[in-house]
Each structure stands twice: as structure tokens, then as C-alpha cells.
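Peer 1: Under the numbering used here, the sequence shown has 351 at position 105, and the numbering climbs by one with no breaks.
Every residue, glycine too, gets a C-beta built ideally from N, C-alpha and C.
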Amino acid sequence: MTATPEFDLFVIGAGSGGVRAARIAASYGAKVAIAEEYRVGGTCVIRGCVPKKLMVYASRFRDEFEDASGFGWTLGAVPTFDWATLIANKDREIARLEGLYRATLSRNGVTLYESRAILEAPGRIALPATGECAQAKTILVATGARPALDKTIPGIEHAITSNEVFHLPKQPGRIVIVGGGYIAVEFACVFNGLGSAVTLVHRGDKLLRGFDDDLRDDLAVDMQKRGVELKLNAKLSGIAKTADGLTVTLTTGETLRCDTVMCATGRLPNTHGIGLEAAGVTLGANGRVVVDAQSCSSSPSVYAVGDVTDRVNLTPVAIREGHAFADSVYGSKPWVTDHEMIPSAVFSTPEIGTVGLSEQQAHAQYPQVDVYKTRFRPMKAVLAGRDERMLMKLVVDAATDRVLGCHVLGADAAEIVQMAAIAMRMGATKAEFDGTMALHPSAAEELVTLRDKWVAPRA
Ligand code: NDP
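1) Who pairs with V424 in a beta bridge, going by DSSP?
2) When the Cα atoms are used, what is the spatial distance from F311 to L346?
3) Could you tell me the boundaries of the beta strand (DSSP E) in which L358 lies?
4) What residues in its chain sit with their C-beta under 7 angstroms from that of F327, if we drop five residues either side in the sequence?
5) Starting from D337, trace the alpha helix (DSSP H) in both directions and tell me its first and last residue.
6) Using 8 angstroms as the threshold, is the stretch 532-550 in touch with the stretch 376-394, meaning 3 or more CB pairs across them?
7) Check whether the Cβ atoms of A249 and I280 sit closer than 8 angstroms, and answer yes or no.
8) Would you check whether the ligand NDP has a heavy atom nearer than 7 angstroms to the C-beta of N559?
9) Tell me, to the nearest whole angstrom, how far the beta carbon of A659 is from that of D616; I am working on the premise that it is less than 8 angstroms.
10) For A443, which residues of its own chain have a beta-carbon under 6 angstroms away from its beta-carbon, when the five flanking residues on both sides are left out?
11) Measure the CB-CB distance between E245 and S594 and report whether it falls below 8 angstroms.
12) Taking all protein chains shown into account, decide if K676 is buried (16 or more other Cβ within 10 angstroms of its Cβ) or exposed.
13) Buried or exposed: which applies to G473, given that a residue is buried once 16 or more other Cβ atoms fall within 10 Å of its Cβ?
14) Scan the stretch 256-309 and note each continuous beta strand (DSSP E) run of 3 residues or more that stays entirely inside, going in chain order.
15) From C379 to K336, what distance separates their C-alpha atoms?
16) For H448 and L300, what's the separation of their Cα atoms in angstroms?
17) Is the separation between the beta-carbon of A405 and that of L395 shorter than 8 angstroms?
18) CA-CA distance, D313 and A690?
19) Taking the CB atoms as reference points, tell me whether I423 and I485 lie closer together than 8 angstroms.
20) Assign G264 to one of two classes, buried (16 or more other C-beta atoms within 10 Å of its C-beta) or exposed (fewer than that).
21) Which value, in whole angstroms, describes the spacing of the CA atoms of Q470 and D464?
22) Here's a check: name, in chain order, each residue in its chain whose Cβ is nearer than 7 angstroms to the Cβ of E339, leaving out the five neighbours to either side.
23) Tell me, which residues are paired with C652 by DSSP?
24) Buried or exposed, going by whether 16 or more other CB atoms sit within 10 Å of the CB of F622?
25) Go ahead and pull the three-state DSSP assignment for R671.
26) Excluding sequence positions up to five away, which residues of its chain have a Cβ less than 6 angstroms from the Cβ of V286?
27) Would G718 pass as a contact of L560 if the rule is Cβ separation under 8 angstroms?
28) Would you say D680 lies against chain D (beta-carbon separation less than 8 angstroms)?
29) Buried or exposed: V455, going by 16 or more other Cβ atoms within 10 Å of its Cβ?
30) Given a cut-off of 8 angstroms on the beta-carbon distance, is the pair S544 and T528 in contact?
31) Return the CA-CA distance between A272 and F571, expressed in angstroms with no decimal places.
32) Determine the burial state of M625: buried for a count of at least 16 other Cβ atoms within 10 Å of its Cβ, exposed for fewer.
33) Just to check my reading of the structure: L365 and I520 have Cβ atoms closer than 8 angstroms, yes? What is that Cβ distance to the nearest angstrom?
34) Alpha carbon to alpha carbon, how far is A267 from H609?
35) Would you mind giving the Cβ-Cβ distance between L707 and L637, rounded to the nearest angstrom? I have them listed as a contact below 8 angstroms.
36) Measure the C-alpha to C-alpha separation of P374 and A367 and round it to an integer number of angstroms.
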């Protein structure tokens, strides 16, 4: 009988946070194992950010083809799109990236178990797929989250989620997307760009709760101009299979015909069935692992990072949390992840980039807030004859002149806001934005040439 292997650290889940923590801990000499029941790389690489962005690129060629004629180009045949080619090429790239993640683990001497890991008792892990067991001094839970589906809705079994959308055998001609968050909005734009008829159903009166209202309003207008049908203040009440597809009923009484229904109504932490109760780990209301700033759970030998803790559910945050954990516990270099001023993007078309407080959040926290904003037609849109405006907005604390929020809607918004986030994290004031020389001609130069405070028009 072989002895049960003993590790310093056992990581459950080989996604962004788990792999980073495993690699860094191993680099400090810790004996590390990692378990993964699906594919190495986690949500971001396998069925999230990376394949999504590839599909976003694919969807935006439509604009390029349309705009080209304004610049003198004549495209021969009418461009056509082949879903199977995109999916096959995307799959090849994801497989390549998964290989790189595996190589990183192996290069760093991390033992990989291709199994679900279940905590049987503090420090003891069962690996049912391989029939093995392991022992570890410390456990890191990095199991991520899964799409939430309302099982009480009749016919919900006919709906797909972001897990399945990357593998649809064919492009839906008509798709209904439920939800008004990142995933719903991004996929509504992807399918619209690829030529599907898209209806987005959202229970609220505006998309993207928590984002600045100007971004929310302008994006909704742009999406509708591009042909996305928005059904707001409506919820899904049922899905029925018909001879030629699906019939969707809404709480408004309306019915919609489509080929595919995709639900993107939030995500839930993956904490079920991995024995966290046995290890004495406290879970929050939605099942998240409750952790302190050091990512330690209520059990001193169990830590958790990434979406499973439901703090800020973004890949770079999970990576930082994993890195901070490993540096602190194995490298004698303690630090904690700063969850303030985190930039994020919605890869809609047009794109959103945002960092800091929305105008509405700033008003709730500061006595006087100045707003600077501009809407303009980007240079490229003029010759292209494209009726689209870009939005740039700065939210400023009037008392200190500090820039509290930066919001961009339009091409390359994510790239622009990543750079603005550096200045804002350093505490940049509006005067420092203004003192920065403009880079001309660019869209981003608008952020350093916003002279006039915006005054709300009288009602
Ligand atoms: P979000 O939390 O962003 O959005 C969920 C949406 O579903 C909201 O519009 C919400 O409405 C709605 N909703 C929730 N429950 C119900 C319900 N029972 N019935 C109807 N509607 C409902 O989740 P996503 O699934 O879009 O994304 C999950 C997370 O993944 C995000 O929070 C984000 O952190 C991350 N992500 C990040 C991306 C990026 O950085 N570009 C891309 C994709 C995902 P309401 O607003 O009313 O609550």
C-alpha cells in the first residue's frame, strides 16, 4: 500500500487564483499539489474572459467591413461568417493556453490531480476520480463560481448559460439573452455583431447596475441602434420547445420565438460538495467562503481566493489574492490585496471602461462633486459615416480636486481606462489630468482637455 502523500499546500481549483498561488508557493520551496476536476485554466481561460474576447474580436469585423468603404476600400464578395471556423480556432487557442498552464505547474514542481477534491477532515483530501488521498497542512479553496439558473422557471432546462455558449454546434439565428450584467450585455453584442437576431430581457429598467448612469444610458441607445432588441422591466417566466425552436414567455405576458435562450443572471460560488463543512469553514448566504483580508477562512488552515469568496469577481483580482496569499504564507512577505480603484471593462460594442466611483456613488459619499464629460464623434466614424458617439467622463471631489471616477464608452475604452487607473490610484487630481499634455490625434486626449464643469440642464 502506498503512503498518503503529504503536502504543505493543497490547492482546490486550477483557475487563475489557484494556479498563481500554487506556482508562487512552490517557488518558495513549499511542497504543493493542485486538484482540478475540469480543465486547467479555470473559467477565465476555458469558458470566460479569453474565449469571450476572441468572440468579441470576431463580432467586430462587421463594423470594419462596413466602415472600410468610407476610406476608399471596395470589398469583393459580401463578407460571410462561419461559426464552425471561429469555434474550432478558438478551441485550438484555448487548448494551447491550457497547455501553458499545465507546463507552468509542472515546471514549478506542483503535483496535479485531475479530480474533484473533497475535504474529509481537516487536512485530509479525497480525490474520487483517481481513488487517491492526500494530506496537507494548508488548503487553498480556489474553486470559482458557476452560472446561477432559476430552476423554478418552467422549461429552464432548455436554456444555456455561459458554460455552453462557447460550444454551440451552430450559430443561433435568433437568441434571447436573459440578464443585464456583464455577461448578458457582452454576448448580446457578440451575437448581434455576428448577425444573429438578439433580444435581451432584463428585470431592471437599465442595464449594468452599479455602473455610471451615463454609460448605462448611452450603451443601451447604441445597442438598440445596432439592432439589439431590449425588453426591460421583464423577467423570464417560461420556455417551451416548439417544432422550429423555442417559445419564451415573459412576466409582461409577451412571447418571443427563438432558437436559443441564454441565461446570464449572475454566478454562485462553487462550495457545494467539497467538504468545507467538515473542515469547519463558515459560508456566507450565497455559499461564498467568508474570508478575512489575508484570505483566511474561519478555519485557520483553510484559505480561499477568487470568485469563491465573492469579493470582486474579476480574474486579475483572483490572481492578486492568490499571489498575496502565497507571498504572505510561504514567502515571509505579507501583503493584502487592495480592493479599491479596480478598473473593469464590459466588452460590449461599443466598449465600456470604468474605474472608481460612478457619479451617483460619488454623490452618496462626497458633499460636493464636479462632473466633466464630453460626447463626441470619433475621427474614424466621420469618414465611415457611422452615427456613433464616444463618451468620456471624469467625476471629481470638489474639495480636494481628486479624480474619483473615470468612465469611457467607445472604441478601446478598456485600453484607455487601464492607463487612467494608474494615475487615479496615485491620487491624481483634475489639475494633474489637465497638466498632462494631450496626445494628438487620439480619443483619449479628451480626458486631459475636459475644461468645463457639466451643469445639469434645468428640468
Ligand atoms: P452580474 O452579476 O454582472 O449580472 C447579473 C444580472 O442578472 C444582473 O443584471 C441581475 O439583475 C440579473 N439577475 C440576477 N438574478 C436574476 C433573476 N433571478 N432573474 C432575472 N435577472 C436576474 O452577473 P454576470 O452573470 O453577468 O457575470 C458574473 C460576474 O462575472 C460579474 O459580476 C463579473 O464580475 C464577472 N464578469 C466580468 C467580465 C468582465 O470583466 N468583462 C465579463 C463577464 C463576467 P440586477 O441588476 O437587477 O441585479
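Peer 2: With the structure as the only source:
1) V447, C509
2) 34 angstroms
3) 357-359
4) L440, G441
5) 329-353
6) yes
7) no
8) yes
9) With a Cβ gap of about 22 angstroms, A659 and D616 do not count as contacting.
10) R420
11) It is not possible to answer for residue 245, since the shown part of the chain is limited to 247 through 705.
12) buried
13) exposed
14) 278-281
15) 35 angstroms
16) 25 angstroms
17) yes
18) 21 angstroms
19) no
20) buried
21) 10 angstroms
22) L300
23) V601, L640
24) exposed
25) helix
26) A260, E344, Y347, R348
27) Absent from the model: residue 718. The displayed extent of the chain is 247 to 705, so no value can be given.
28) In the displayed structure, chain D is absent; only one protein chain is listed.
29) Looking at the sequence shown, residue 455 is not Val but Arg. Exposed is the call here.
30) yes
31) 12 angstroms
32) exposed
33) 6 angstroms
34) 38 angstroms
35) Past the boundaries of the shown model lies residue 707; the chain is included only from 247 to 705, so the question cannot be answered.
36) 15 angstroms
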